[in-house]
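Notes to accompany the following structure.
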Amino acid sequence: METPISIKHKKYLVSPKGILFNIQTQRPTKKYNHKMGTFHCGLRTQDEVLAKAITVLMKRQQESYQQELADKKKLEKPLCDLPFSYEEGTYTFNPFRLNSCGWDGKKNKVFVNRPKLFSADNKELEPSNHYFGNKDEYSGRVFFNIVPYWNQEGIGIVLRLRAIQFETYAPMPLAS
Numbered sequence: 036m037e038t039p040i041s042i043k044h045k046k047y048l049v050s051p052k053g054i055l056f057n058i059q060t061q062r063p064t065k066k067y068n069h070k071m072g073t074f075h076c077g078l079r080t081q082d083e084v085l086a087k088a089i090t091v092l093m094k095r096q097q098e099s100y101q102q103e104l105a106d107k108k109k110l111e112k113p114l115c116d117l118p119f120s121y122e123e124g125t126y127t128f129n130p131f132r133l134n135s136c137g138w139d140g141k142k143n144k145v146f147v148n149r150p151k152l153f154s155a156d157n158k159e160l161e162p163s164n165h166y167f168g169n170k171d172e173y174s175g176r177v178f179f180n181i182v183p184y185w186n187q188e189g190i191g192i193v194l195r196l197r198a199i200q201f202e203t204y205a206p207m208p209l210a211s
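Using the working numbering, you'd call the opening residue of the sequence shown number 36 and step up by one each time.
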């Protein structure tokens, strides 16, 4: 897999170029309560080498986290499946998620972390200027971290979406 690259001085893992779908960047999906939500994006790719590299990284992270919890006698809940599948030469990672909202105890308020959007020539795009329908598909890649979790849903890992780079994208139509 490519070496992690920098977006605004932060290093993230980079997916192969592929088809992006179910993109949600305008606002987080409400989940559980008013303090939690997620932005998300699915990825389909036929780049077998890079897709397998992502799955190897995910499996290694999952196994090391599972072992760490087992060593501490904390592995009481079932281990969750990894979020990818393989069908007819295409790897599908669905979805990359970003826990976009949370409670900042120091500031005593809700915070929101949005994934950044970039064009093919690395110019940052404003999410509010773009509309992504549920059936729309675009080409591009995602920037992400692999983060383990242990919560009421179980034990596993999540691919945290940090940024999306589009090869093709559609600006929101202007109101007439």
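Just so it is clear, CB atoms sit at the ideal spot from N, CA and C, and this is done for glycine as well.
Distance between residue j and residue i (C-alpha atoms, nearest Å)
i, j, result
"residue 86", "residue 125", "9 Å"
"residue 101", "residue 109", "9 Å"
"residue 155", "residue 89", "22 Å"
"residue 48", "residue 82", "16 Å"
"residue 53", "residue 84", "13 Å"
"residue 104", "residue 183", "11 Å"
"residue 164", "residue 60", "11 Å"
"residue 158", "residue 123", "34 Å"
"residue 174", "residue 186", "33 Å"
"residue 94", "residue 193", "12 Å"
"residue 171", "residue 137", "29 Å"
"residue 46", "residue 107", "30 Å"
"residue 143", "residue 71", "15 Å"
"residue 203", "residue 140", "40 Å"
"residue 128", "residue 99", "21 Å"
"residue 195", "residue 148", "11 Å"
"residue 166", "residue 80", "23 Å"
"residue 55", "residue 160", "16 Å"
Limits of the beta strand (DSSP E) - the one that residue i falls within
i, result
"residue 173", "172-186"
"residue 151", "151-153"
"residue 121", "119-122"
"residue 134", "125-134"
"residue 167", "It is not in any beta strand (DSSP E) - residue 167 carries neither H nor E in the DSSP assignment."
"residue 140", "Run containing residue 140: none; DSSP gives neither H nor E here."
Extent of the continuous alpha helix (DSSP H) run through residue i
i, result
"residue 86", "83-106"
Rounded Cβ spacing between residue i and residue j (contact assumed at less than 8 Å)
i, j, result
"residue 133", "residue 73", "6 Å"
Under 9 Å between C-beta atoms of residue i and residue j
i, j, result
"residue 162", "residue 198", "no"
"residue 131", "residue 76", "yes"
"residue 78", "residue 176", "yes"
"residue 50", "residue 178", "yes"
"residue 189", "residue 97", "no"
"residue 120", "residue 63", "no"
"residue 169", "residue 57", "yes"
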